[in-house]
Amino acid sequence: MIVTARLNYSNFRCLFMSYRTETRNDQPQILTRRQVAALLVAPVFMAFPCFSATAGEGALKLTEGTQPLPDTALITQSGEKLQLADLSGQALLVNFWASWCAPCIVELPALEAAATQLMAESIQVVLVNLDQGGAAVAQPFLDERGITTPLSVFDPKGEWARAVRLQGLPTTLLIKPGQVEYAAHKGPAEWDSAPILYRIRAYFK
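Per the numbering used here, the sequence shown starts with residue 6, numbered consecutively.
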């Protein structure tokens, strides 16, 4: 069976820029074999386009969610199933990302910094990865970048993402402890900036 993938220009640009623009100590990185493999197979599995990074990306624009939050299980790094109910009673900042999404990669350090600050206020940052390879692809990607504070889970089939009608990456949900009310922000943001941290805290009050 031949599998074809139809991607528009923005999808391809997002895919390749995720590897071209990433730097360490201001020097371009050499792609690892794993990254090359992910780059080759990603077009087949990219179900969600990337939101463009814009000049106003620092602002938090929340839209109240209308779809019921799913009870579909996510997968943990150890391969266990995790349902939203397992995190009941906690305020959640849930960020959907993928290793082929350039804006997702750019905001990961800010999410790490925000997670450290919000943890003391009982706000849990959760990273939901949509790479088709799951933890085998995404977890080493996070480890290499020192992203350790947020809870990392995986949605390799995109079931959770489709249930909330995700339109692109990155998308972030702020889910209140009752797990009924939530709001969504589409696109990247400066998650560790004072104005956005203030908005997050205010939403959960």
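For glycine and all other residues, C-beta sits at the position ideal for the given N, C-alpha and C. Owing to the predicted nature of the structure, the values given are computational and were not obtained by experimental measurement.
Open item on the list: Buried or exposed, going by whether 16 or more other CB atoms sit within 10 Å of the CB of Pro200?
Closed with: exposed
Open item on the list: Less than 6 Å between C-beta atoms, sequence neighbours within five positions excluded: which residues of the same chain meet that for Phe146?
Closed with: Ser104
Task: Where Ala143 falls, given that 16 or more other Cβ within 10 Å makes a residue buried - done: buried
Task: Cα-Cα separation, Glu211 to Ala188 - done: Since the first residue of the chain shown is 6 and the last is 210, residue 211 is not available in this structure.
- [ ] Could you please give me the residues that DSSP links to Tyr187 through a beta bridge?
- [x] Ile180
TODO: State the beta-bridge partners of Ser157 as determined by DSSP.
DONE: Leu132
Task: Opening and closing residue of the alpha helix (DSSP H) in which Trp165 lies - done: 164-168
Task: Residue interval of the beta strand (DSSP E) (run including Phe101) - done: 96-102
Open item on the list: Below 8 Å on the Cβ atoms is my contact criterion, and I expect Val133 with Leu97 to pass it. Report the Cβ-Cβ distance as a whole number of Å.
Closed with: Not quite, the Cβ-Cβ distance comes to about 10 Å (not below 8 Å), so this is no contact.
Open item on the list: Going by the DSSP bridge assignment, what does Ile80 pair with across the sheet?
Closed with: Lys86, Phe159
Task: DSSP state of Glu149 mapped onto helix, strand, coil - done: helix
Task: Own chain partners of Val92 with C-beta closer than 7 Å, once the 5 adjacent residues on each side are dropped - done: According to the sequence displayed, residue 92 carries Leu and not Val. So the qualifying residues of the chain are Gln129.
TODO: Please name the residue, chosen from Pro54, Gly151, Tyr208, that lies closest to Pro114 on a Cα-to-Cα basis.
DONE: Gly151
- [ ] Just mark Asp136 as buried or exposed, buried being the case when its beta carbon has 16 or more other beta carbons within 10 Å.
- [x] buried
Task: Cys55 - DSSP class collapsed to helix/strand/coil - done: strand
Task: Distance between Ala140 and Arg206 (C-alpha atoms, nearest Å) - done: 30 Å
Task: Spatial distance of Gly192 from Gln122 (CA atoms) - done: 21 Å
TODO: Return the Cβ separation of Ile110 and Phe159 in integer angstroms, given the expectation that the two are a contact with Cβ distance under 8 Å.
DONE: No, Ile110 and Phe159 are not in contact; Cβ-Cβ is about 17 Å, not under 8 Å.
Task: Beta carbon of Leu178 nearer than 9 Å to that of Gly94 - done: no
- [ ] Express the C-alpha separation of Glu149 and Ala168 in angstroms, rounding to a whole number.
- [x] 30 Å
Task: Pick from Phe101, Lys66, Gln72 that is closest to Phe53, judged by C-alpha positions - done: Phe101
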